[in-house]
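Quick notes on the structure that follows.
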Amino acid sequence: MARTNGGLMGVAVPYAKVCSSTTTTFNSSGTLSANGAKLADVLVVAGGGGGGDNSGPAFGNGGGGGGGFRNLTNVAIPGSNIPVVVGAGGSRFGGGSNSSVACISATGGGLGGRHCTGTPGGNPGGSGGGAGGDHNAGCTGNAGGYSPPEGNKGGNGGSGNSAGGGGGGAGSVGSNGSGTTGGNGGNGAASSITGSPVTYSGGGGGGRASSGSHGSGGPGGGGDGVNATPGPANTGDANTGGGGGANGGSNGDSAAGGSGRVIVKELAGFYTSGMFNLKTHYNKKREGEWS
Numbered sequence: 003m004a005r006t007n008g009g010l011m012g013v014a015v016p017y018a019k020v021c022s023s024t025t026t027t028f029n030s031s032g033t034l035s036a037n038g039a040k041l042a043d044v045l046v047v048a049g050g051g052g053g054g055d056n057s058g059p060a061f062g063n064g065g066g067g068g069g070g071f072r073n074l075t076n077v078a079i080p081g082s083n084i085p086v087v088v089g090a091g092g093s094r095f096g097g098g099s100n101s102s103v104a105c106i107s108a109t110g111g112g113l114g115g116r117h118c119t120g121t122p123g124g125n126p127g128g129s130g131g132g133a134g135g136d137h138n139a140g141c142t143g144n145a146g147g148y149s150p151p152e153g154n155k156g157g158n159g160g161s162g163n164s165a166g167g168g169g170g171g172a173g174s175v176g177s178n179g180s181g182t183t184g185g186n187g188g189n190g191a192a193s194s195i196t197g198s199p200v201t202y203s204g205g206g207g208g209g210r211a212s213s214g215s216h217g218s219g220g221p222g223g224g225g226d227g228v229n230a231t232p233g234p235a236n237t238g239d240a241n242t243g244g245g246g247g248a249n250g251g252s253n254g255d256s257a258a259g260g261s262g263r264v265i266v267k268e269l270a271g272f273y274t275s276g277m278f279n280l281k282t283h284y285n286k287k288r289e290g291e292w293s
């Protein structure tokens, strides 16, 4: 009996030829309508942590940590539709929320340290929250345990209660508070997945409670801290994962972190889950589709 499968025993297998790369940006949760590609460059940025404040005396508090930052290339993805989660920024009393696509996740930024209530040293996260004043140690970053790390440690609080540390950023640790000067938020990190570099996940600036200066937010959407009297601190920028700025006293004016972002660049190529029979090879070469 003659063979009809082109000379190779077995079953036909699916394949996809993706002629050009496709980049999709998510500023809120949704579904990636996959084009059949099974390799992609992926950016996942989690929500930034909220800045610290307290209900007690006018002490310096810590800036919120930047959201976890994961910028990966040639990642295996399913060839079908994929759920995408974009994490919200943390409230002024909370850490940021995680972001994810397929099996890639990033951890929300840590809440900044609250000197009199909560956790004075800040909370861990993608990047850690800065500490409240009086020498409290800033909290650790890279809570997901990833390599390369998704973020960095928050800065320590200054002596004498007056200055909080800056929140950690994806590119560097938060600066320590010093005397009456709040620490600056850590630098964010840049991704060129869309063609031009964009910086994400900067840490929030530390607050200060006496004469001196508050900390500035780190590049990448981190919000500035605030002094004890002038008003609300600055929120982390939307869709950057920036940490919220800290309050410098007890007026409850620390700021929320910025929301995250997910970008998927599905890569051009030929994708298959198996091998093809000789007849398929012959026909595809004859049609000029395969080389």
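Read in my numbering, the sequence shown has 172 at position 170, and its numbers run on one by one without any break.
Note that beta-carbon positions come from the ideal geometry of N, C-alpha and C, so glycine has one too.
- Straight-line spacing of the CA atoms in Gly97 and Pro126 works out to 9 Å.
- Taken through DSSP and simplified to helix, strand or coil, Ser213 comes out as coil.
- It is roughly 36 Å from the alpha-carbon of Gly62 to the alpha-carbon of Ile106.
- In this chain, the beta strand (DSSP E) harbouring Asn73 covers 71-78.
- About 11 Å separates the beta carbon of Gly204 from that of Gly153, a gap too long to meet the 8 Å contact definition.
- In this structure, Gly68 sits away from Ser31, with a CB-CB distance that is not shorter than 8 Å.
- When DSSP states are grouped into helix, strand and coil, Gly197 belongs to the coil group.
- Taken through DSSP and simplified to helix, strand or coil, Lys155 comes out as coil.
- The bridge partners DSSP lists for Gly32 are Val86.
- Burial check for Ser101: the Cβ neighbour count within 10 Å reaches 16 or more, so the residue is buried.
- If you ignore the 5 residues before and after Asn163, its C-beta comes within less than 6 Å of the C-beta of Phe61, Gly135, Asp136, all in its own chain and listed in chain order.
- By the criterion of a C-beta distance shorter than 7 Å, Ala78 is surrounded in its chain by Lys40, Leu41, once the five residues flanking it on both sides are discounted.
- Cβ-Cβ distances below 6 Å link Asn76 to Leu41 in the same chain, with the five nearest sequence neighbours on each side left out; the list follows chain order.
- Take the alpha-carbon of Ala108 and the one of Ser161: they are about 33 Å apart.
- Annotation for Ser101: the continuous beta strand (DSSP E) segment containing it runs 101-103.
- A check of alpha carbon separations from Ser149 across Gly238, Leu74, Gly217, Gly92 identifies Leu74 as the nearest.
- Counted as a single uninterrupted DSSP element, the stretch harbouring Leu113 is not any beta strand (DSSP E), since DSSP gives it neither H nor E.
- Straight through space, the alpha carbons of Gly222 and Gly173 are spaced by roughly 9 Å.
- Proximity of the segment 255-264 to the segment 236-245 meets the contact definition, three or more beta-carbon pairs being nearer than 8 Å.
- Spanning the alpha carbons of Val175 and Gly156 requires a straight line of approximately 6 Å.
- With 16 or more other CB atoms across the displayed protein chains lying within 10 angstroms of its CB, Ser180 is buried.
- Residue pairing by DSSP puts Ala165 in a beta bridge opposite Arg210.
- Assigned with DSSP and collapsed to three states, Lys281 falls in helix.
- Rounded to the nearest angstrom, the gap between the Cα atoms of Gly247 and Gly38 is 42 Å.
- Boundaries cannot be given for Lys40, as no beta strand (DSSP E) includes it and DSSP labels it neither H nor E.
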